[in-house]
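So the structure is just underneath, and the comments pick up after that.
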Amino acid sequence: MLQADQFYKQGNLAKVKEIQSAVKPEFPPSEPLVANDNPENLSGAGQRHWNNAQRMIDRNLRDSTFIYLNFLVVGNKEKNIAPTDPDFIPGYFALVDAYEKTAEQEIKKGHEKKAKELNVQALGVVESLASRFPERADLLDKQIEMLLKNKKYIEASIAANQFALNYPDNPKSAEYKRDARKYEDQYIRELRIEITALSVIGTALGNSPDYGSLMVLLQGEKNAGKVFAESYKKNGSVVENERINNYVSSIGKKLAKFAGREDFEYEFVALQDDNPGAFALPGGKIFITTGMLGLIDSEAELAGILGHEISHSVLSHSFRKIANSSIASMIQSFPIINNFPVSNLLMAEASRDYEKQADILGTRLLSSSGYSADGVYNVMFKLQQIEGKSQGIQNWFRSHPVATDRVKYIGEFIDLNGYNRYAYEGVQPYREALNRK
Ligand SMILES: [Zn+2]
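One gets the numbering used here by counting positions in the sequence shown from 1 and adding 1 to each.
Okay, here's the thing in structure tokens:
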């Protein structure tokens, strides 16, 4: 690897690839997803289901429409039947349309709850489709439309922002970036209403829970991040070695340049803690422990972890998580409504999604900065190897579930986007900064 870095500096990329590919294990082969927009390209069975569905839609026979469209694009989960034509976009759109129209009918009947369930199902279909074809603005538009309809403003902001960051050259990206801010403002307005309502309930119950962190959140991501980071630095032990701090900060800032969010004041802090960990606070405040630095072997890997955490911050994940857990703990502090359905399950679900988004955007930042694109992948791989073997590692795994499929999709993402795994590793500068032999 040291030798490969020398060749990289000389611009001899062929030699870099030759050396590194002897050391790095090959990724398992991945198959690109292909979207089909044309009914003429459907399979025989697919065309029959599509034609039948069209007839049922014309006759307004909703139940039968669902049956045919499910055969076509979703399959049958209970019976373990795969769809006939899984990537047929008009089929998905028809299915979403059927869900939405049924929901409207339920609302007319006064069945609000049922309507809400149907809209959530429709959203699920759109979200899985948009995540399979992240480069398609038409799918994103539908996803955002439905997120807003379901009052998921911060999720809409994340989706719009993610597209703008991942596809900076797309002509619609500037608009998505502006929209992302708009949805974020809307989220903060809703949050304000929610907090006010909760504080009214709290007062009525003679309860005075701690509104501190929620009030801080209302100042927006940038300012909330500043307040949280300052209190964290005061309570935690910041590494006193200037060389290490400057180094971590310089690598982080290099990546942050590619992450958008010029409004953030990025800060990268090394914490004295033997447990491998890294986390992001809102507004670009990133922390990494000495335990994690000890596990890392190169600048590319450090950049990978920092890129992952920067992504959590720029995609508003940290902001959203803090808001969620503050609201949840506030609700739990009210004795009478203790049984409120604060869904841990939902939060775990969001976490998995967020991890994937951060892995993917982090890998993109890494690659844009000229590092070997598998920096995130390599650290995940190392963590996967020691998962469960060490008590000390618990910290990281509590906030970052390392599943085998995570290593798999990062590999596929690098593969399908043609990112270069054989670029700069920066082994020597990393060793020097950490004073390793
Ligand atoms: Zn993460």
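Heads up, the beta-carbon is just placed ideally off N, CA and C, and yes, glycines get one too.
query, result
"Would you tell me roughly how many angstroms separate the C-alpha atoms of glutamate 263 and aspartate 375, rounded to the nearest one?", "26 Å"
"Would you tell me roughly how many angstroms separate the C-alpha atoms of tyrosine 355 and histidine 318, rounded to the nearest one?", "7 Å"
"Go to isoleucine 439, then tell me how far its beta strand (DSSP E) extends in each direction, as first and last residue.", "Outside the shown range of the chain, which is 2 to 438, sits residue 439, and nothing can be said about it."
"Is alanine 260 near ligand 1 - that is, is its Cβ less than 6 Å away from at least one heavy atom of it?", "no"
"Would you tell me roughly how many angstroms separate the C-alpha atoms of histidine 313 and glycine 45, rounded to the nearest one?", "44 Å"
"Looking only at DSSP bridge pairs, what is valine 270 linked to?", "Phe288"
"Which residue marks the beginning of the alpha helix (DSSP H) containing leucine 124, and which one marks its end?", "113–133"
"So is proline 30 buried or exposed if we call it buried at 16+ other beta carbons inside 10 Å?", "exposed"
"Does the Cβ of alanine 304 lie closer than 6 Å to at least one heavy atom of ligand 1?", "no"
"If you measure between the beta carbons of leucine 73 and aspartate 86, is that distance less than 7 Å?", "yes"
"Quick check on the DSSP output: the alpha helix (DSSP H) that includes leucine 149 runs from which residue to which?", "138–150"
"May I ask you to list the residues that DSSP assigns as paired with asparagine 77?", "Ile82"
"Using only the alpha-carbon positions, how far apart do glutamate 146 and tyrosine 184 sit?", "11 Å"
"Any idea which residues DSSP pairs tyrosine 410 with across the strands?", "The partner list for tyrosine 410 (beta bridge, DSSP) is empty, contrary to what the question assumes."
"With a 10 Å radius around its C-beta and 16 neighbouring C-beta atoms as the bar for buried, classify asparagine 120 as buried or exposed.", "buried"
"Compute the Euclidean distance between the alpha carbons of asparagine 421 and serine 22, then round it to the nearest angstrom.", "11 Å"
"Around the Cβ of proline 26, are there at least 16 other Cβ atoms within 10 angstroms (buried) or fewer (exposed)?", "exposed"
"Using beta-carbon positions only, say whether methionine 293 and glycine 278 come within less than 7 Å of one another.", "yes"
"Based on the DSSP secondary-structure assignment, which residues constitute the bridge partners of leucine 282?", "Lys286"
"Check for me: the alpha helix (DSSP H) holding proline 91 runs from which residue to which?", "90–109"
"For isoleucine 411, which option in Phe28, Tyr9, Gly12 and Phe8 has the closest C-alpha, if you only look at C-alpha atoms?", "Phe28"
"Measure the beta-carbon distance from tyrosine 434 to arginine 244 and round it to whole angstroms, keeping in mind my assumption that it falls under 8 Å.", "It is worth fixing the name first, because residue 434 is alanine in this sequence and not tyrosine. With 8 Å as the limit, alanine 434 and arginine 244 qualify as a contact, their Cβ atoms being about 6 Å apart."
"For glutamine 4 versus isoleucine 20, is the C-beta spacing smaller than 7 Å?", "yes"
"In whole angstroms, give me the CA-to-CA distance for alanine 225 and alanine 271.", "20 Å"
"Taking the beta carbon of asparagine 52 as the centre, do at least 16 other beta carbons fall within 10 Å, making it buried, or is it exposed?", "exposed"
"The alpha helix (DSSP H) that contains isoleucine 252, what's its start and end?", "243–257"
"State the beta-bridge partners of valine 239 as determined by DSSP.", "Leu272"
"On the three-state DSSP scale, how would you describe valine 17?", "helix"
"Taking 6 Å as the cut-off, is the C-beta of alanine 359 nearer than that to any heavy atom in ligand 1?", "yes"
"Tell me whether glutamate 356, by its Cβ, gets closer than 6 Å to a heavy atom of ligand 1.", "yes"
"Here's a check: name, in chain order, each residue in its chain whose Cβ is nearer than 7 Å to the Cβ of arginine 321, leaving out the five neighbours to either side.", "Ile155"
"Using 8 Å for Cβ pairs, my map puts leucine 366 next to isoleucine 297. What's the rounded Cβ distance?", "The pair is not a contact, with the Cβ atoms about 16 Å apart (cut-off 8 Å)."
"With distances taken between CB atoms, is the gap from glycine 427 to glutamate 300 smaller than 7 Å?", "yes"
"Since I believe alanine 281 is in contact with valine 17 (beta carbons under 8 Å), could you give me their beta-carbon distance rounded to a whole number of angstroms?", "With a Cβ gap of about 31 Å, valine 17 and alanine 281 do not count as contacting."
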